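Following the working numbering, the numbering of the sequence shown begins with -19 at its first residue and continues without gaps.
The C-beta atom is built at its ideal place from N, Cα and C for all residues, glycine as well.
Computed from a predicted structure; not experimentally measured.
Heads up, the thing below is written out as structure tokens.
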Amino acid sequence: FLEANLPLAPLMPTNYLETIKMMTSVGLGWSVLPVSMLDSSLKVLDVGHPVTRVLGAIALSGRQLSNSARAMLKIIEAEESAD
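Set out below in structure tokens:
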């Protein structure tokens, strides 16, 4: 929205994906949802360009990452390198 200089004024913000999905499916607005949330109650709109977001990983300073956390970061880094 910022890049396209479009105003964005959410009237009923919520952080719960199921609530957002339900509100969208009954016509109370639009949303961007994960593909895993899609079903027949929603209509997918082609926006003409890929939607991306930047994610980060944080950890408590002075603490060592668990084996599973290190494995997850390794997978994410491999996916990022593949792009």
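By alpha-carbon distance to V34, the top candidate from L45, L(-12) and I56 is I56.
Between the alpha carbons of V12 and S41 lies a gap of roughly 33 Å. Taking every protein chain shown into account, the CB of I0 has 16 or more other CB atoms within 10 angstroms, so this residue is buried.
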